[in-house]
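Engineer:
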Amino acid sequence: MPLFPMSKTVIAKHDNPSVRFVEIGDEQAGQRIDNFLLRLCKGVPKSHLYKAIRNGEVRVNKGRIAADYRLEIGDTVRVPPLRLPRSDEPRRVPPAVFPVVFEDEAILVIDKPAGVAVHGGSGVSFGVIEQLRAARPDASFLELAHRLDRETSGLLIIAKKRKALLGLHDMMREGGGRKHYQALVVGDWVNDKQHLRQPLLKWLTASGERRVKVDAQGKAAHTIITMQKRYGRHSLLGAELRTGRTHQIRVHLAASGYPIVGDDKYGSDEVRAYFASLGLNRMFLHACRLEIPHPLTGDPLVFRADLPPVCLRILDYLEQRR
1 MPLFPMSKTV IAKHDNPSVR FVEIGDEQAG QRIDNFLLRL CKGVPKSHLY KAIRNGEVRV
61 NKGRIAADYR LEIGDTVRVP PLRLPRSDEP RRVPPAVFPV VFEDEAILVI DKPAGVAVHG
121 GSGVSFGVIE QLRAARPDAS FLELAHRLDR ETSGLLIIAK KRKALLGLHD MMREGGGRKH
181 YQALVVGDWV NDKQHLRQPL LKWLTASGER RVKVDAQGKA AHTIITMQKR YGRHSLLGAE
241 LRTGRTHQIR VHLAASGYPI VGDDKYGSDE VRAYFASLGL NRMFLHACRL EIPHPLTGDP
301 LVFRADLPPV CLRILDYLEQ RR
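So for the sequence shown, this note's numbering puts the first residue at 1; every next one is plus one.
(1) From F303, A305, L82, E291, pick the residue whose C-alpha is nearest to that of R20; which is it?
(2) Below 8 Å on the Cβ atoms is my guess for R70 versus G30; work out the distance and round it to an integer in Å.
(3) Could you name the residues that DSSP lists as bridge partners for F98?
(4) Please report the straight-line C-alpha distance between G238 and G218, rounded to a whole angstrom.
(5) Under 8 Å Cβ to Cβ from L142, same chain only, skipping five residues before and after it: list those, please.
(6) Count the other CB atoms, across all protein chains shown, that sit within 10 Å of the CB of R64; report buried if there are 16 or more and exposed otherwise.
(7) Is it buried or exposed for H195, if we count other Cβ within 10 angstroms and need 16 for buried?
(8) Take A221 as the anchor and find which of Q228, M227, G279, V212 has the nearest alpha-carbon.
(9) Between which residues of its own chain and L165 is the CB-CB distance below 7 Å, once the five residues before and five after are set aside?
(10) Pull up the distance between the alpha-carbon of S268 and that of L296, whole angstroms please.
(11) Express the C-alpha separation of L301 and G262 in angstroms, rounding to a whole number.
(12) By the three-class DSSP mapping on this structure, what secondary structure does Q248 have?
(13) Ordered along the chain, which non-local residues of its own chain (more than five positions away) have a Cβ less than 8 Å from that of P293?
(14) Closest to L247 by C-alpha separation, out of I24, Q28, E151, would be which residue?
(15) L148 and K193 look like a contact to me (Cβ under 8 Å); what is the Cβ gap, rounded to whole Å?
(16) Could you tell me the alpha carbon to alpha carbon distance between D138 and C41, rounded to whole angstroms?
(17) Please report the distance separating the alpha-carbon of E51 from that of L278.
(18) For V77, which residues of its own chain have a beta-carbon under 6 Å away from its beta-carbon, when the five flanking residues on both sides are left out?
(19) Expressed to the nearest angstrom, what Euclidean distance is found between the alpha-carbon atoms of A305 and L241?
(20) Between the alpha carbons of D88 and K265, how many angstroms are there, rounded?
(21) On the CB-based measure, 16 or more other CB atoms within 10 Å of its CB, does W189 come out buried or exposed?
(22) Spatial neighbours of G167 within its chain, please: CB distance less than 7 Å, with the 5 preceding and 5 following residues excluded, ordered by chain position.
(23) Please classify R322 as buried or exposed, where buried requires at least 16 other C-beta atoms within 10 Å of its C-beta.
(24) Whose C-alpha, out of H252, G187, Y181, is nearest the C-alpha of C288?
(25) Let me confirm a value: G154 is counted as buried when at least 16 other C-beta atoms fall within 10 Å, else exposed. Which label applies?
(26) Would you identify the three-state DSSP class for E209, choosing helix, strand or coil?
(27) Enumerated in chain order, which unbroken segments of the beta strand (DSSP E) with a length of 3 residues or greater are wholly contained in the segment 127 to 174?
(28) Can you tell which of D75, F98, I249, S140 has its C-alpha closest to the C-alpha of A106?
(29) Please specify which runs of the alpha helix (DSSP H), each continuous and at least 4 residues long, are wholly inside the segment 223 to 306, giving them in chain order.
Take a look at the structure:
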């Protein structure tokens with residue numbers, strides 16, 4: 001079986017498995033080791049790479065590291081022998097074009113459809129970032145600046161330069177920028193504006209599925225909810241993220257007694273089935289507005305993405321029923 005393809009600027013491809021040592025330069029510095037390996041070892045299953053990190057087969061400067069270790073200029077990475085799938089079972093990523101909201105030399109902002117993961121993993125062979133790379137083979141750098149849940153639609157930022165990626169990460173880590181969402185929930189929301197600050201804790205179900213719950217031992221989380229429109233037994237809400245925890249909006253609203261329509265983790269099966277009968281086969285959560293400073297120039301940027309047609313049709317239906 002063939003080895004994984006190696007970066008042209010780092011090391012040549014060999015016919016037999018062997019340990020490799022890669023020295024980190026300017027362009028790789030600042031990357032997490034797991035993301036670096038995913039790019040370097042194209043085609044190798046993600047689970048194999050994480051296992052190699054956990055087992056200490058991947059080392060930096062002869063020492064064991066965690067998956068979130070950030071590389072520095074001059075680091076020497078030990079890459080163990082890793083193989084691609086069989087040649088008669090190639091891993092193919094179909095290229096895809098997504099609606100572009102904004103693009104310049106530093107960033108790309110797309111309107112991600114619901115049902116598409118942002119990256120491969122957890123049973124998903126590929127996602128937005130892999131499909132964008134396949135569609136833009138000449139692009140030297142494309143990396144996700146943040147995440148959206150698979151069933152969430154809307155604005156997603158991809159960095160086209162490492163400096164832009166680091167700038168975006170610093171901005172988000174320091175609480176800069178503003179992320180706004182729209183969500184249709186079950187229930188008649190009461191307040192025009194409300195701050196939800198329940199701490200959130202990740203946990204795993206018996207089957208190994210990742211979930212999040214409100215728990216005093218969890219991490220601080222802050223969501224600002226605003227009323228947009230009432231539809232009797234349902235409400236259209238605005239949600240602004242002031243922190244970026246996993247499933248934050250979904251869990252905050254469900255814990256408040258207002259689960260998002262179509263949410264398969266924290267919502268009702270009956271509600272999901274009812275709205276599916278109306279044509280909504282997704283969660284009604286949409287990233288509608290982003291306000292950020294440009295990661296290179298600092299200029300203020302505002303991006304918007306309208307609700308998808310299927311969501312608008314559901315709101316029209318609820319309006320008529322009301």
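From the three backbone atoms N, C-alpha and C, an ideal C-beta is built for every residue, glycine too. Since the structure is predicted, the reported quantities are computational estimates derived from the model, not experimental observations.
Structural biologist: In brief:
(1) L82
(2) The pair is a contact, with the Cβ atoms about 6 Å apart (cut-off 8 Å).
(3) In DSSP, F98 forms no bridge with anything.
(4) 24 Å
(5) Taken in chain order, the residues that qualify are L108, I129, L132, R133, R136, I158, A159, K160.
(6) exposed
(7) exposed
(8) V212
(9) E143, A145, A159
(10) 44 Å
(11) 31 Å
(12) DSSP places Q248 in helix when its eight states are reduced to three.
(13) M171, G176, G177, D299, P300, L301
(14) First, the amino acid is wrong: residue 247 is His here, not Leu. Closest option to H247, Cα to Cα, is E151.
(15) With a Cβ gap of about 24 Å, L148 and K193 do not count as contacting.
(16) 18 Å
(17) Here the sequence assigns Lys to residue 51, which means Glu is not the residue at that position. Cα-Cα distance, rounded: 43 Å.
(18) V22, V60
(19) 17 Å
(20) Annotation note: pLDDT 48 at D88 (below 50); position unreliable, coordinate value reported separately. Roughly 37 Å between the two C-alpha positions.
(21) buried
(22) P295, L296
(23) exposed
(24) Scanning H252, G187, Y181 for the CA closest to the CA of C288 turns up Y181.
(25) buried
(26) coil
(27) 153 to 159
(28) S140
(29) 248 to 255, 269 to 277
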